[in-house]
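Participant: In this note's numbering, the protein residues as written are 372 to 502.
Structure in structure tokens, see below.
Have a look at this one:
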């Protein structure tokens, strides 16, 4: 009888300790814990949401920088400079064009395209530094 009494007390204490430790860590949250599952069965964790929001902030910042640059191109540069910069750097949503292609479009030499581009970039740099 003594062993059974002792054993039952030990088991009871172990169970109580388990519940106490579970209660302490009940408020703990892991970034990799699954929050929910989408329709395809893919799990979504807190880390996925935090990373997505971080990417969103970078995306918003990049878009704001692009719109600021476009405004500067429109207001600071001559029409020819703006067209050349837009073509060279793909600001119109099209792929960037090499100097050779831009020179053909404007019927000027590559070196002249290079000089116009260099002057335009310098103007943009000064304007953006002011802002």
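The C-beta atom is built at its ideal place from N, Cα and C for all residues, glycine as well.
None of these values were measured; they are calculated from a predicted model.
Quick one: which unbroken alpha helix (DSSP H) runs of 4-plus residues sit fully inside the region 442-489? Chain order, please.
Facilitator: Segments of the alpha helix (DSSP H) lying fully in the region 442-489: 450-460, 470-477.
Participant: Leaving out five residues before and five after residue 473 in sequence, what residues of the same chain have Cβ atoms less than 7 Å from its Cβ?
Facilitator: On the chain shown, position 102 is the one that residue 473 refers to. Taken in chain order, the residues that qualify are 455, 458, 459, 484.
Participant: Based on Cα-Cα distance, which residue from 449, 488, 436 lies nearest to residue 502?
Facilitator: For the purposes of this step, residue 502 is taken as residue 131 along the chain shown, with counting starting at 1. The shortest C-alpha separation from residue 502 is found at 436.
Participant: Of the residues 441, 405, 390, which one's Cα is nearest the Cα of residue 461?
Facilitator: On the chain shown, residue 461 is found 90 positions in, with the first residue counted as 1. Ranking 441, 405, 390 by Cα distance to residue 461 puts 441 first.
Participant: I want to see whether chain C comes within less than 8 Å of residue 415, judged by CB atoms only; does it?
Facilitator: You won't find chain C in this structure, because it holds only one protein chain.
Participant: Can you give the beta carbon distance from residue 451 to residue 487, rounded, assuming they're within the 8 Å contact cut?
Facilitator: Residue mapping note: residue 451 aligns to position 80 of the chain shown, counting from 1. Residue mapping note: residue 487 aligns to position 116 of the chain shown, counting from 1. 7 Å between Cβ atoms; contact.
Participant: What does DSSP give as the partner residues of residue 405 in its beta bridges?
Facilitator: Here residue 405 corresponds to residue number 34 of the chain shown, with the count starting at 1. Paired residues: 416.
Participant: Which same chain residues end up closer than 7 Å to residue 409 when comparing Cβ atoms and leaving out the 5 residues on each side of it in sequence?
Facilitator: In the chain shown, counting from the first residue as 1, residue 409 sits at position 38. Only 415 meet the Cβ criterion.
Participant: Between the Cα of residue 447 and those of 482, 390, 432, 499, spot the shortest distance and give me the residue it belongs to.
Facilitator: The sequence position of residue 447 within the chain shown is 76, counting from 1. Checking every option, the nearest Cα to that of residue 447 belongs to 499.
Participant: Below 8 Å between beta carbons: does that hold for residue 492 and residue 443?
Facilitator: The residue labelled residue 492 in the question sits at position 121 within the chain shown. The residue labelled residue 443 in the question sits at position 72 within the chain shown. No, the Cβ-Cβ distance between residue 492 and residue 443 is not below 8 Å.
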